[in-house]
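This note's numbering numbers the first residue of the sequence shown as 2 and each following residue consecutively.
Here's the structure we're looking at; comments come further down.
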Amino acid sequence: MTESHEPAPKPTLMAVFAHPDDEAFSVGGTLTHYARKGVRVQLVCANRGEAGKITVPGMTVDDLGQQREHELREACKALDIPAPVFLDFHDSGRFERTRYDDPLAMMNVTPLDIEVKLRAVIAEYQPQVLVTFDPHGGYGHIDHLQINRAATAAFFSTGVLPYGGPQRLYFTALNVEAARGLARMGQDLDPEIYGVAENTIAVRMDVSPYRENKKAALAAHGTQMGPDSRLGQMSQEERDEMETRMLGFENFSIGGTRTPIQNWPLKGLFDGVVGGEGLD
């Protein structure tokens, strides 16, 4: 990839996450919303989820990374966004699947290594808005933490690019109540650490019109959404709660800005962003 010195042809939103399926949970509805408004939306995925857990009993996959790449491409179609860009790192895994000895596993590379690759993608696509995980990585996965660190660093270091770099950096934001919901579903986390206060949320996106897109994107990640997954083992009450919380709204906090913030909360991700007038 080479740096382009021409202005981006249209408002551009870049979402940077670690694994296939991260996008469906955190920002899927928001990506569809802006894509349908004519924004150029680009998803960047750091790895291919090679160390994921296959959650469909009896299912065998010869190359899980290749399979999950295919699933992510199908999820992007469901969200009405272009195919993803991969940074070509490896999934660190969790628990018994942790890849301590893989030099390309994200847990074994420095955030600077990830930042350098991400800077090249930012230079090529010239997004005004960058979105990534919050500093707790949603629920603390090491790859999520690594991508937050790298994307945050890239936001600040790309201000020297000829186009000026992204104007805004947003973090996905779980409010405390949503974090409590994750804890009830089995995630080992303290909701008052992993969740944020309501006055921290800068943008609350109503994505209920894209509920079916999000459902289709989640379903596309078949190896991760089978009967043995956390979602697959939910009671109907838990599933209803999850769908209300995840499929109706997506929240974002401010990670960084190069433009003044005139309103609080903001109307949307492009509120006050030069080149994004009229989108929110």
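Glycine is no exception: its CB is placed at the ideal position from the N, C-alpha and C atoms.
With DSSP run on the structure shown, which of helix, strand or coil describes residue i?
i           : result
residue 195 : helix
residue 206 : strand
residue 111 : coil
residue 255 : strand
residue 163 : coil
residue 16  : strand
residue 117 : helix
residue 43  : strand
residue 250 : strand
residue 131 : strand
residue 278 : coil
residue 139 : helix
residue 123 : helix
residue 237 : helix
residue 23  : helix
residue 201 : helix
residue 96  : helix
residue 271 : coil
At what residues does the beta strand (DSSP E) containing residue i begin and finish?
i           : result
residue 89  : 86-90
residue 169 : 169-173
Would you kindly check if the distance between the Cβ of residue j and the Cβ of residue i is under 7 Å?
i           : j           : result
residue 11  : residue 41  : yes
residue 48  : residue 90  : yes
residue 151 : residue 119 : yes
residue 124 : residue 162 : yes
residue 122 : residue 45  : yes
residue 216 : residue 29  : no
residue 144 : residue 19  : yes
residue 257 : residue 146 : no
residue 192 : residue 180 : yes
Residues bridged to residue i by DSSP?
i           : result
residue 56  : Partner(s): none; residue 56 has no beta bridge.
residue 1   : Residue 1 cannot be examined here, being either before or after the span of the chain that is shown, 2 to 281.
residue 106 : 91
In the DSSP assignment, find the unbroken alpha helix (DSSP H) run with residue i in it and report its ends.
i           : result
residue 149 : 143-158
residue 177 : 177-185
residue 32  : 29-37
residue 67  : 65-79
residue 219 : 212-221
Any heavy atom of the ligand HEM closer than 6 Å to the CB of residue i?
i          : result
residue 22 : For the structure depicted, the ligand HEM is absent and the ligand set is empty, with no information on it obtainable.
*Report yes or no: do three or more beta-carbon pairs, one from the stretch 84-100 and one from the stretch 51-71, lie closer than 8 Å?*
yes
*Is there contact between the stretch 64-82 and the stretch 134-143, where contact requires at least three CB pairs shorter than 8 Å?*
no
*Count the C-beta pairs between the stretch 18-37 and the stretch 203-221 that are closer than 8 Å, then say yes if the count reaches three, no if not.*
yes
*So does the stretch 266-273 actually touch the stretch 119-134, counting three or more Cβ pairs closer than 8 Å?*
yes
*Assess, as a yes-or-no matter, whether the stretch 100-111 is touched by the stretch 68-77 under the definition of 3 or more beta carbon pairs within less than 8 Å.*
no
*Three or more C-beta pairs below 8 Å linking the stretch 188-202 and the stretch 14-21*: no
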